[in-house]
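The numbering of the sequence shown is my numbering, which starts it at 41 and goes up by one.
Glycine is no exception: its CB is placed at the ideal position from the N, C-alpha and C atoms.
These figures come from a predicted structure and were not determined experimentally.
Notes follow once the structure below has been shown.
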Amino acid sequence: MTASTASLEQLRRCHFAVDLGAARTRVYVKGVGLVVDQPSAAAVNTRTGALIAVGEFAEKMTGRTPGYIRVVRPVSGGTVVDIEMAQRMLRHLLGDKIRRALRRKPRLRAAACTPHDADPLAQRAAIETLVGLGARRVELVDTLIAAAVGCGLPVEQPEATMIMVCGAHATQVAVLSLGSIVTAARIPVGGEAVDDAIVQLLRHQHELVLPSQSVRPLQLALSGNGLTPQGPASTEIHGRDVATGLARSVLVDTATVRNAIQTPLTGVLDGIGRVLRDCPPDLVADLADRGIMMVGGSALLPGFDQMLRQATGMPVHIAERPDVCAVQGLGTMLEGRVEPLSLTPVSTD
């Protein structure tokens, strides 16, 4: 769906917008702003089916629960895989006060982000999730367009802008012009693939099992100069020995971690190359000056932007708050702050 005048009109009538991501769920309420920004996780008691916790608290429980409590993620790769659980999670995240305020609206309308190449089933799942929250009508917006609007790119202008949405499960790259997508690609590599590469490296080289929460600190240890060779030479990591099961700490050479991370990231570079090859030459010329705008939580991966700069020779920028760009873009459309480009027919007389 492009940001055409008709759809912008419909979006202005929406009362709230949801960005259901694999890692985090965000909700924007018209006139209020961002009301929810929490991990997309829910903890369930499998004996009774009761919901124990959602969001931040459920995330903290991951890997620390007794057998009968399960932490589930109702969204995978930008697609709702468990509609009922997604609805229950959203209800709890919104809380009674906001839900009551929304229920008072006559003919409640909602907007939601969907990944660029979402199939009809994925779109249906997003719609049904919000219908379950009381929405009478749901407008779907392409994540790429919402994110481009959210980080202030001039989407409606006849000039090329390149956006890269770095999610947990996938990375989406697109060239936009005149409010629509010219070419786009979805690469099934996201922040989790990078985490996984680090976990596998430590398992094979150091026989160390990492708790799910400590991959991030390792990435932060690489930050400063991140993926660049100027970073610290080694960093200490605590984990569990594969053979004995006892706690152990090892000194990890950051150069090997950088190499492990490079592998999944080359897939992203291939995707960018594909998009540029399919793009009209005039637009590619625009992009050479403009460069790539990175949004999404994984855009903050230390040194990722630098690696893209070296590989493409193009300027690379990270949006101001890359993680909330998509939902802020939806909010901007809801509040009617996007000026549609009016393409009036030229008279022949």
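Item to check | Spatial distance of Thr223 from Ile138 (CA atoms) | outcome: 38 Å
Next on the checklist: DSSP three-state label for Arg52, please.
Outcome noted: helix
Item to check | Cβ distance (whole Å) where Ala396 is taken to contact Val58 below 8 Å | outcome: Because the chain in this structure spans residues 41 to 389, residue 396 falls outside the shown range and cannot be described.
Next on the checklist: With DSSP as the reference, identify every bridge partner of Pro321, one or two as the case may be.
Outcome noted: Answer is none; Pro321 lacks a bridge partner.
Checklist entry - What's the C-alpha gap between Val121 and Ala63? => result 13 Å
Next on the checklist: Suppose only complete runs of 3+ residues qualify. What are the beta strand (DSSP E) ranges in the stretch 122-184, listed by chain order?
Outcome noted: 149-154, 177-182
Item to check | Bridge partners - Glu247, DSSP secondary structure assignment | outcome: Answer is none; Glu247 lacks a bridge partner.
Next on the checklist: Does chain B have any CB closer than 8 Å to the CB of Val364?
Outcome noted: Among the chains of the structure shown, chain B does not appear; only one protein chain is present.
Checklist entry - Quick one, which of Ser220, Val335, Glu276, Phe56 has its alpha-carbon nearest Lys70's? => result Phe56
Checklist entry - Cα separation between Pro79 and Gly107? => result 22 Å
Item to check | Thr88 burial status per 10 Å Cβ neighbour count (16 or more: buried) | outcome: exposed
Checklist entry - Count the other CB atoms within 10 Å of the CB of Val111; is the residue buried (16 or more) or exposed (fewer)? => result buried
Checklist entry - Just checking, does the stretch 206-214 make contact with the stretch 284-299 on the three C-beta pairs under 8 Å criterion? => result no
Next on the checklist: For a test of the three-state rule: what should DSSP assign to Gln350, helix, strand or coil?
Outcome noted: helix
Item to check | Where Pro160 falls, given that 16 or more other Cβ within 10 Å makes a residue buried | outcome: exposed
Checklist entry - Which of helix, strand or coil does DSSP assign to Gly192? => result coil
Item to check | Residues that Glu276 bridges to, as DSSP identifies them | outcome: Leu291
Next on the checklist: I need the boundaries of the beta strand (DSSP E) containing Val84, first residue and last residue.
Outcome noted: 82-85
Checklist entry - Touching or not, the stretch 306-326 and the stretch 276-288, by the rule of three or more beta carbon pairs under 8 Å? => result no
Next on the checklist: Going by beta-carbon coordinates alone, are Leu327 and Met354 separated by less than 8 Å?
Outcome noted: yes
Next on the checklist: I'd like the list of long-range same chain contacts for Ile109, defined as Cβ closer than 8 Å, with 5 residues on each side in sequence excluded.
Outcome noted: Ala83, Val84, Asn85, Thr86, Ile92, Met101
Next on the checklist: Could you compute how far the alpha carbon of Glu196 sits from the alpha carbon of Lys145?
Outcome noted: 31 Å
Item to check | Whole-angstrom distance between Met333 and Arg104, CA atom to CA atom | outcome: 37 Å
Checklist entry - What do you get for Thr284, buried or exposed, if any count of 16 or more other CB atoms within 10 angstroms of its CB means buried? => result exposed
Checklist entry - Buried or exposed: which applies to His244, given that a residue is buried once 16 or more other Cβ atoms fall within 10 Å of its Cβ? => result exposed
Checklist entry - At which residues does the beta strand (DSSP E) containing Thr65 begin and terminate? => result 64-69
Checklist entry - What does Asp59 pair with, by DSSP beta-bridge criteria? => result Arg66
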